[in-house]
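Inspection log for the structure reproduced underneath, given as structure tokens.
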Amino acid sequence: MASEEMEQLVRREYTQGFVTDIESDTMPPGLDENTIAFISKKKGEPEWMLEWRLKAYHQWLKMTSPSWAHLDYPPIDYQAISYYSAPKKDEDRPQSLDEVDPKLLETYEKLGIPLHERAALAGVAVDAVFDSVSVTTTFKDKLAEAGVIFCSISEAIRDYPELIKQYLGTVVPSADNYFAALNSAVFTDGSFVFVPEGVTCPMELSTYFRINAANTGQFERTLIICEKQAQVSYLEGCTAPQRDENQLHAAVVELVALEDAYIKYSTVQNWYPGDEDGKGGIYNFVTKRGDCRGDRSRISWTQVETGSAITWKYPSCVLRGKDSIGEFYSVAVTNGRQQADTGTKMIHIGEGTRSSIISKGISAGRSNQSYRGLVKIGPRAKGARNFTQCDSLLIGDQCGAHTFPYQEIGNSTATVEHEATTSKIGEDQLFYCQSRGISEEDAVSMIVNGFCKDVFQELPMEFAVEAEALLNVTLEGAVG
Amino acid sequence: MSDEQTFLDALSARADRRGAEPTWVAARRQAGAARFEAMGFPTRRDEAFKYTDVRAIARGDFTLSQDAQDVTPLSPATAAALTLPLKALRLTFVDGIFAPELSDLAALPAGVSVEPLSQALAANHEAVGGALGRLAGVDFSPFTALNTAFAEEGAVIRLAPGTVVEAPILVQFLSRANQVPLMSHPRVLIEAGSRSEATVIEHQVGEEGAANFSNLVSEVMLERGAILTHYKLQEAALTDLHVSSLHIDQGRDSRFTSFNLNLGGSLVRNDIVADMNAQGAEANYFGLFFAQGRQHVDNHTLVNHNAPHTFSNENYKGILGDRAHGVFNGKVIVRRDSQKIEAHQSNANLLLSDRAEIDTKPELEIYADDVKCSHGATTGQLDEEAIFALRARGISDETARGLLTLAFAGEVMDQVALDAIAERVERTVAGKLPERFNLAGLVEAAAALDEE
């Protein structure tokens, strides 16, 4: 089906690539102790936070960039990156949407996310991160009524230092890996969620953020804590403007679930993947980890990854509590020259812990994609259970799909299953659809959506719609 | 002194004692030694040895078997007890040294040549030089480099085009319980001409208490349409150390079947690498590893689909008891433009004890799109309901577990065509079955029931 139409679709431009012209209060590129002190001061952080950052920085200096992933990219010059960028009116933050810079709102319009409408209609509180500083936070009152804290991490450091001290860096220690250490040193913003005991968060929480301003890496830090019997569903979605230079993104997300708590974390990631020669595009090096500390707690990761030039991301669950549950649902789509090395880690420590992993990878064009996962069953995890399924779909003969599942099992009562398949879209399936008058393109779209169904049905409603649309846009042209 | 230096010293000491050798042999030894010195022994930081600690080998003080003195010869009775009760063409090595009195090549059919490496080199070293080391380069691993540097003995098996050998060719490596631990680096070379067909058995077995280190490298070249079944039956003593790598080059329409059956050894590492270089090639890997006590068994397999229309299938079963540690790493690589490939891989593991550990990693690396590839890995325990069902019929708990363990291995063992090998394996796996339990009788009865 290598028709010209197809070709055109493949070469479609990144529709969400545009630059909003807002004067940024950007630091000159470079990273040293002064940069960190500047960020900390700019954020009005207490002394202990600065010390925490500097400690991470010194650890980072001793570490080397990991090379084990199935990725190929030139070395990153960390001194060429600017580590701080914020919209100018930093001191007098807008208190409501009316006060928001119209240009910002315009940006959201272009993205198709009318913030106020979306928030009101969908009942979603939005803590929109534009570059590094939270611009507006809505629905705060309603959340406050329920006792839920939902704010930027900077505010949390100022307003809830005890909680931060207690939890920050306990799931992902600052020396966990190269990018986590870098993030710990220079993170500028991100979200903080705290759901107190017995509270089910009254609405789905969502952060829409974009990377803006050339050359600024975005280093978010997200921390979500659910106390006993609390529940929250958190949505994260990202788009970024078109740029020529690679933008580094090294976020850290930490989730803590205490007894009977349930955290659902969903991501739709559609950052700029680079042009057809693979130039530009976001480097996405993310450390996401959830800690099921309490008995019967549950953490669920759902992700739809369609963007970024390079994705290095392994949302993981540490299943400490008895009978705790970890879940990972992922759809990753790569096209052009994108590279993705993604998967999950399920660390079973407690008795009766269960985890399931469903990973669907679609590679097209000249892209390469790897599933890399670890299932580890400790000696005390009696009766632990894991089911893993990772399927890959190949579209075109220039792409690659790889699977590297690690299983480390040290307990005879554990049951671990892994199955994986790699294939292309069946000629017979296509023929079947076409013989019923469905165009080849629609047939491919149907088959691919069916292939991903297991994951899409895990997404919250609004995201599921968006994900399906994204998938179609990303892939339609690639079939040939 | 570093661990590597001990081995390099042994090597130079040997070089002084050894007579003149053809230039290419000497050059290859040097290359092997240089590569080994550069790489050193692998550590757990090397991905290929992430789960296997080879310090027991690296820190060992082994005397090269050629240099060993005052060793008591193996008694014929012991040798007879160890060997497989099989009508076969037999080539025997005791601690890596050729034992003509235990070998039997009298019935060698036309078109087949089976000889010890030393004899093959003496007769026509140039004919060996072309093939030896073509598949197992010194870069593959520090152990192949070490083997290249040391190897003096081994087996050379050649099949002329069109030759079909009925009797299996048995290459056995016997390991003695020596005063001092010995090391040997045997090398096996198999060249199968077009449309030839044979079964080769590599049998590692030893006296109880043997604590030697053997480092085997085998190279198999299959020309167009050749069919080779390769058995590796490893029943070394529970104190023996064993590393091996098997490299296969497959020509058009050739078929290679590997049985990798591991029962013994304290530290065992096997590598199998098949390169399917032409259309129509087929590779089947069957494996079973059974480990108890503190045994450590590591199997790494790799299938390279370098040509379109190639087929591979792999099935490995692991049974681990006590504090045994099993490792399985299966990798399938499909090169760009290798279309119309089918590759399947499966690894199932049975843990019989809480302190046993299995690390498994079935990998796929695929660069072509018209492929059907799958892999699966499972780990679990014996089904308590099945045990209950057997016990309700008056079978003791121990016997029920033995039977079910045997059944678990069945999927692989059913493929084994040589009864002598199947019996050895089944006896070990179902070892806990009491004497009075007539397993063969039960199997016959079951078969009779099926027929009715």
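Going down the list, the protein sequences come from chains A and B.
Quick note: the first sequence uses our numbering, first residue 634, plus one each step.
Quick note: the second sequence uses our numbering, first residue 22, plus one each step.
From the three backbone atoms N, C-alpha and C, an ideal C-beta is built for every residue, glycine too.
Values in this document were obtained by computation on a predicted structure and should not be read as measured data.
Within the stretch 71 to 127 of chain B, the runs of beta strand (DSSP E) that reach at least 3 residues and sit entirely inside it are, in chain order, 110 to 115.
Sequence-ordered contacts of the stretch 374 to 390 of chain B with chain A read S374, D375, R376, A377, E378, I379, D380, T381, K382, P383, E384, L385, E386, I387, Y388, A389, D390 [C-beta pairs closer than 8 Å]. Here A:K674 carries a helix assignment [DSSP, helix/strand/coil].
In this structure A:S933 is buried. Its beta-carbon is surrounded by 16 or more other beta-carbon atoms within 10 angstroms. Under the three-state reduction of DSSP output, B:A143 falls in the helix class.
Taking the beta carbon of A:L1063 as reference, no residue of chain B falls within 9 Å; the closest one sits roughly 13 Å away. Excluding five sequence positions before and after B:Q316, the CB atoms of its chain that fall closer than 7 Å to its own CB belong to L259, G286, S287, A345, given in chain order. Taking the beta carbon of A:D1030 as reference, the chain B residues within 9 Å of it are R357, D358, Q360, Y388, A389, D390, D391, listed in sequence order. Secondary structure at A:E909: coil, using DSSP grouped into helix, strand and coil. Using a Cβ-Cβ cut-off of 8 Å, B:S395 is close to E1052, A1053, T1054, T1055 of chain A, given in chain order. In terms of CA proximity to A:F961, A:R987 leads the group A:R987, A:A1100, A:S941. Ranked by Cα distance from B:I387, the first of B:G342, B:V324, B:L153 is B:V324. Under the 8 Å Cβ criterion, the stretch 253 to 269 of chain B counts as touching the stretch 290 to 299 of chain B, having at least three qualifying pairs.
When beta bridges are read from the DSSP output, B:E419 appears opposite no residue. Bridge partners of A:F1037 according to DSSP: A:R1005. In the DSSP annotation of this structure, the continuous segment of the alpha helix (DSSP H) that includes A:C1085 starts and ends at 1073 to 1089. By the beta-carbon neighbour count (other beta carbons within 10 angstroms, threshold 16), B:G40 is exposed.
Note on the stretch 235 to 320 of chain B: whole beta strand (DSSP E) runs with a minimum of 3 residues are 248 to 256, 262 to 271, 276 to 283, 288 to 297, 303 to 312, in chain order.
Residue contact with chain A for B:A398: present (Cβ-Cβ distance below 9 Å to some residue of chain A).
The beta carbon of B:S333 lies closer than 6 Å to those of A304, V324, A364 in the same chain, with the five residues before and after it left out. For A:N816, the enclosing alpha helix (DSSP H) stretches over residues 811 to 819. When the beta-carbon positions are compared, A:Y947 and A:G1006 come within less than 9 Å of each other. Approximately 6 Å separates the beta-carbon atoms of A:R926 and A:L891; this is inside 8 Å, confirming the contact.
Around A:Y811, no beta-carbon contact reaches into chain B at under 9 Å, the shortest distance being about 16 Å.
Interface flag for A:Y947 against chain B is unset, since no Cβ pair is found closer than 9 Å. Here A:V804 carries a coil assignment [DSSP, helix/strand/coil]. The contact set of B:G339 on chain A, defined by CB atoms closer than 8 Å, is empty, because the minimum CB distance reaches about 10 Å. Shortest Cα-Cα distance from A:V951 to any of A:S941, A:V889, A:G1033, A:D974 involves A:V889. Under a criterion of Cβ atoms nearer than 8 Å, no residue of chain A is adjacent to B:Q313; the nearest Cβ is some 13 Å distant.
Put simply, the CB of B:L427 is far from chain A, with every gap to its CB atoms at 9 Å or more.
For the stretch 799 to 832 of chain A, there are no residues whose beta carbon sits under 9 Å from a beta carbon of chain B.
By the Cβ rule, the stretch 804 to 813 of chain A does not count as touching the stretch 827 to 836 of chain A, because fewer than three pairs are nearer than 8 Å.
By the beta-carbon neighbour count (other beta carbons within 10 angstroms, threshold 16), B:T73 is buried. For a Cβ distance threshold of 8 Å, residue set N370, L372, E378, I379, D380, T381, T400 of chain B lies close to A:I1042, ordered along the chain. Of A:V1081, A:T1048, A:H1051, the smallest CA-CA separation from A:G994 is found for A:V1081. Annotation: B:V450 is outside any beta strand (DSSP E); the continuous alpha helix (DSSP H) that includes it extends over 440 to 450.
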